[in-house]
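Chains as they are written, first to last, in the working numbering: chain A, 1 to 340; chain B, 1 to 340. The next block holds one structure in the form of C-alpha cells; read it before the comments.
Below, the structure is given as C-alpha cells:
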C-alpha cells in the first residue's frame, strides 16, 4: 500500500526536515492517530516551553493581518515561524482555508514559514488535543516561533489561553464590543492587549477604557522577593501599514522574560501537561467505552432498563483498567480510527 | 447548613412538583454534581423517547420568536412546555439570559411553562452532558414537551441534532447565508426547514434553493416493507405574527410519527444513551486522572521527563479500573465539585 509505505518512512522524512512529512504528521494528529506521537518528543528529551503566541479577538479585528505583519517582522530577524489558524467552534474550515490561501500567496516561496488551518473534527475537546500535538510537532520540527490564531469567538478565546504562553487579545475602535468583551472575563486571559486599526476614530477611548479596567484589576502589592505580577500592556497598531508591530514584539518578548524570571514558565508547562494528560485519559476512556458498548450486549440492556447512562458507565470504568493492563500499551493507545 | 438541609429534601420536593426544586436540580447538573441523578430515571422505569424538539440556525433568524409562538400554540392545546436555551460556544450567558427575561415576561405567570438558559461552564462536552441530564429531569418532572434552542452558531448545530428527536433548522430570506449553511452539512441534520420572516422579499428564492438542494440529496427508492426515508419539509413562517406555526407543529408531529413507525425512535434513544455513556465514562476518567496527577508525584516526573502526556496517561488508565473497584460506586461517581 502506497500510504503505508509513505507512513513507514514518515519519521525519517520528518527528522530530515521534509515539510510534507510535517504536514502529513499534522493530518494524522487531526485524525487522532497516535502513530506519530514519538515525533513529538523534543530531541533534547527535556520539556520545551514551546514559545507559543496566541491571538484572539472578535471577527473583523484584523487578527490575520496582524499575525501576517508579525510573521514578516520575525522573518526579517531570520526566525522561522509556524502559524496554526484554528476555529474550535466550527466544523467547517472554509473561512480558515480562505485566509490561508491569501496569506500563502505572500509566503508561498518562503520555506521558513508554515501556515496551517485546523478545523474542529471529531469530538469536542478533540481540537484542543490535536492543536497541542500539532504544536509539539512544530517545535520538534524546529520552528523558532509558533503562532496560534483563532478564527472563532466565545469558547475559543479560553482555548487559546489554555495552550499559548502569551495570549494577545485584539480589539478595534470600531466594533463597539470592547466593553462587553472586557466584562466577559477577557481580562483574566489577556497577557497583552492590541488596539488594532488605531488610525480610526475612537481608538483613544478604547485604550482609556481598557486602562481603567486594568487599574481596577491591578495586582496587589507583593512582599520582598516575590516577583511582581504581570500588568498587560496596551499596544496600538495599524497592522495593514505594519505600524506598532515592533512594539508588539517587544511586549511579547518582555512577557516571555517575565514568565521565565518568575518561574511561571515552568509552572505553566507543568500545568498544561497535566491538563492534557487528563484529556488524553478521557479520550482513551471514551474509545474503550464505545468499544465495550459495541461488544457487550449486557451493557445496552442495563442502559435501556435504567434510561440513564450512569450504572453502565460505572461498569465500563471498572473494566477499563484491566482491559488496558491486558493489552500492550501501544495497542491500547490506538483509537478506532478510520483508514487514511 | 441551610444548603445541605434544602438538598436533603430536594428529591421529595422535586417529586411533589415543586418548580424551584427542578430549577435547583438543573443547577446541580450544570455543576456536574451527580447527587440528583436518581431523579432522572423516568417513573415508569422504561426508556422514554423524550420528545425533544431542537431549534437551530444563524443569529437573527428569529429562533426565539418562533419558539415563543410554538409555546403559545402548545399552551392552547393544554400541553406543558419546557424550553432550554443553550449556547455551547460561549462561556458567557448574557444573551441567553436577556432572551429569557423578555420571554419570561410573557409566560411569567404560567406555571406550565419553564424556561431556562444553560451556559457552557466547565469542560468542553460538559454542556452537552448537562443538557441531556437537564432534559431527563424535565421529562421526569412531567413536562409534555421539551424544546432545545441554540443561541450559538457552528458546532452547536451538530450538538442540537445529537440531543433532539426532531431538529428544526431556521433560515430567513434576508441573511444571504442560506446557501453557505446548506453547503456546510446542515442538510444531514435538518428534519424540518423553516423559512422564517416569509413576508420578506426573497423567501420564495430561499425555498426554491432549499428544494433544489433536497432533491439532489433525495433518498433512494426503498424495497417493499422498508419504511420510506424522511424527506425534510420546508415550512414558511412569520413567527412575529404567529403565521405558519400550526403547519410547523403538524410537520413536527408527522416527523415524530415517522420516527416511531420506522423504529428509528428506539434506535435513536439507544444510540444517544450509548454516546452519552461514553461521554460520562470520559468525564469520570478525566476526574480520576486529575486526582491521580495531584496525588502521585511520580506521574509528574514522567510527564516532565517525556515532555508528552502519553506514557503518564497509559499509567493512569491502567490504575483507573482498580481505583473504581476499590471505592463504593456512588463515591466513584462523585466529581471533585466545588461547594454549592
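Note that the Cβ used here is the ideal one computed from N, Cα and C, for glycine as well.
Length of the line joining the Cα atoms of residue i and residue j
i: residue 215(A); j: residue 146(A); result: 31 Å
i: residue 201(B); j: residue 248(B); result: 21 Å
i: residue 55(B); j: residue 268(A); result: 40 Å
i: residue 140(A); j: residue 40(A); result: 6 Å
i: residue 16(B); j: residue 166(B); result: 30 Å
i: residue 206(A); j: residue 186(A); result: 14 Å
i: residue 66(B); j: residue 80(B); result: 17 Å
i: residue 342(B); j: residue 237(B); result: Because chain B in this structure spans residues 1 to 340, residue 342(B) falls outside the shown range and cannot be described.
i: residue 213(B); j: residue 172(B); result: 16 Å
i: residue 300(B); j: residue 315(A); result: 29 Å
i: residue 303(A); j: residue 52(B); result: 19 Å
i: residue 226(A); j: residue 68(A); result: Residue placement at residue 226(A) is poorly supported in this model, since its pLDDT is 46, which falls under 50; the coordinates still yield a value, given next. If you take the alpha carbons of residue 226(A) and residue 68(A), they lie about 37 Å apart.
i: residue 306(B); j: residue 280(A); result: 15 Å
i: residue 61(B); j: residue 61(A); result: 25 Å
i: residue 290(B); j: residue 282(A); result: 10 Å
i: residue 142(B); j: residue 63(B); result: 25 Å
i: residue 13(B); j: residue 115(A); result: 57 Å
i: residue 112(B); j: residue 35(B); result: 26 Å
i: residue 109(A); j: residue 163(B); result: 47 Å
i: residue 31(B); j: residue 189(B); result: 29 Å
i: residue 28(B); j: residue 21(B); result: 11 Å
i: residue 37(B); j: residue 298(B); result: 35 Å
i: residue 18(B); j: residue 241(B); result: 34 Å
i: residue 224(B); j: residue 270(B); result: Note that residue 224(B) has pLDDT 48, beneath the 50 cutoff, so the model's placement of it is unreliable and the number below is only indicative. The straight-line gap from Cα to Cα measures roughly 26 Å.
i: residue 9(B); j: residue 128(B); result: 27 Å
i: residue 23(A); j: residue 33(A); result: 14 Å
i: residue 174(A); j: residue 57(B); result: 27 Å
Local conformation of residue i per DSSP, three classes
i: residue 284(A); result: helix
i: residue 205(A); result: helix
i: residue 58(A); result: coil
i: residue 148(B); result: strand
i: residue 117(A); result: strand
i: residue 236(B); result: strand
i: residue 141(B); result: helix
i: residue 41(B); result: coil
i: residue 17(A); result: coil
i: residue 308(A); result: coil
i: residue 250(A); result: helix
i: residue 313(A); result: helix
i: residue 85(A); result: strand
i: residue 172(B); result: coil
i: residue 320(A); result: helix
Residue of the options minimising C-alpha distance to residue i
i: residue 251(B); options: 213(B), 111(B) and 191(B); result: 191(B)
i: residue 278(B); options: 242(A), 317(A) and 270(A); result: 317(A)
i: residue 194(A); options: 116(A), 169(A) and 142(A); result: 169(A)
i: residue 132(B); options: 110(B), 230(B), 14(B) and 160(B); result: 160(B)
i: residue 255(A); options: 236(A), 231(A) and 241(A); result: 231(A)
i: residue 59(A); options: 196(A), 189(A) and 257(A); result: 196(A)
i: residue 117(A); options: 149(A), 18(A), 109(A) and 111(A); result: 149(A)
i: residue 85(B); options: 130(B), 303(B) and 33(B); result: 130(B)
i: residue 234(A); options: 83(A), 203(A), 257(A) and 20(A); result: 203(A)
i: residue 229(A); options: 246(A), 257(A), 208(A) and 290(A); result: 257(A)
i: residue 239(A); options: 11(A), 199(A), 208(A) and 210(A); result: 199(A)
i: residue 83(A); options: 33(A), 253(A) and 26(A); result: 26(A)
i: residue 78(A); options: 208(A), 24(A) and 144(A); result: 144(A)
Subject >> Against chain A: residues of the stretch 301-319 of chain B by CB proximity under 7 Å >> reply: 303, 304, 306, 307, 308, 309, 310, 312, 313, 314, 316, 317, 318 and 319
**OP:** Would you check if the stretch 307-322 of chain B and the stretch 301-312 of chain A touch, i.e. whether three or more CB-CB distances between them fall below 8 Å?
**Re:** no
Subject >> Validate contact between the stretch 271-289 of chain A and the stretch 292-300 of chain B using beta carbons, cut 8 Å, 3 pairs >> reply: When C-beta atoms of the stretch 271-289 of chain A are compared with those of the stretch 292-300 of chain B, three or more pairs fall below 8 Å, so the two segments count as touching.
**OP:** Tell me, please, whether the stretch 245-265 of chain A touches the stretch 280-290 of chain A by the rule of three or more beta-carbon pairs shorter than 8 Å.
**Re:** no
Original post:
Should the stretch 59-76 of chain A be called in touch with the stretch 129-141 of chain A, which here means at least 3 C-beta pairs below 8 Å?
Top reply: no
**OP:** Could you please tell me which residues of the stretch 18-44 of chain B, in chain order, have their CB closer than 8 Å to any CB of chain A?
**Re:** 34, 37, 40, 41 and 42
**OP:** Check each residue of the stretch 257-277 of chain B: if its Cβ is closer than 7 Å to any Cβ of chain A, include it; give the result in chain order.
**Re:** Listed in sequence order: 270, 273, 274, 276 and 277.
Subject >> Against chain A: residues of the stretch 136-148 of chain B by CB proximity under 7 Å >> reply: 136
Original post:
Just by C-beta distance, which residues in the stretch 282-294 of chain B are closer than 9 Å to chain A?
Top reply: 282, 283, 284, 285, 286, 287, 288, 289, 290, 292, 293 and 294
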